[in-house]
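The working numbering applies: residue 48 is where the sequence shown begins, and numbers increase by one.
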Amino acid sequence: ALVAFRGAAAELLLPPTRSLTRARRALAQLPGGGGTPLASGIAMGRTLADQAASRGATPLVVLLTDGSANIAADGSAGRASAASDALAAARALAVAGHPALVIDIAPR
48 ALVAFRGAAA ELLLPPTRSL TRARRALAQL PGGGGTPLAS GIAMGRTLAD QAASRGATPL
108 VVLLTDGSAN IAADGSAGRA SAASDALAAA RALAVAGHPA LVIDIAPR
């Protein structure tokens, strides 16, 4: 699956699939820029991982982010609440027991 999280919320761009061609195409067209609703992206990743696990799969959540959360889970702007919400979403992902990998894509 591929989830984009920018603007005010996360968006499912590609439902879970085994098609590398579809995944490559979706990744090549991945939108970027704007606000970073990191909590929303982590939460959607957890939901997809939960669904995959319930079907017997072994999900792995991979986050490509600069880590600069600035949109809270409710869609409002504010770095402090966005960071707090992102941390809460990450803890919920950890409690769910799904392995995760974070790749820092910050320019520095």
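Every residue gets a Cβ at the ideal spot worked out from N, C-alpha and C, and that includes glycine.
Computed from a prediction, not measured in an experiment: that's the story for all the values here.
DSSP beta-bridge partners of residue i
| i | result |
| --- | --- |
| residue 151 | 112 |
Where residue i sits in the DSSP three-state scheme
| i | result |
| --- | --- |
| residue 107 | coil |
| residue 51 | strand |
| residue 85 | helix |
| residue 67 | helix |
Selection from the options that minimises the alpha carbon distance to residue i
| i | options | result |
| --- | --- | --- |
| residue 117 | 61, 153, 77 and 86 | 86 |
| residue 71 | 81, 140 and 49 | 49 |
Residue burial classification, residue i (beta-carbon count within 10 angstroms, cutoff 16)
| i | result |
| --- | --- |
| residue 142 | exposed |
| residue 149 | exposed |
| residue 79 | exposed |
| residue 114 | exposed |
Give a yes or no on contact between the region 82 to 97 and the region 48 to 62, applying the rule of three or more CB pairs nearer than 8 Å.
Cβ pair count under 8 Å is three or more, so yes.
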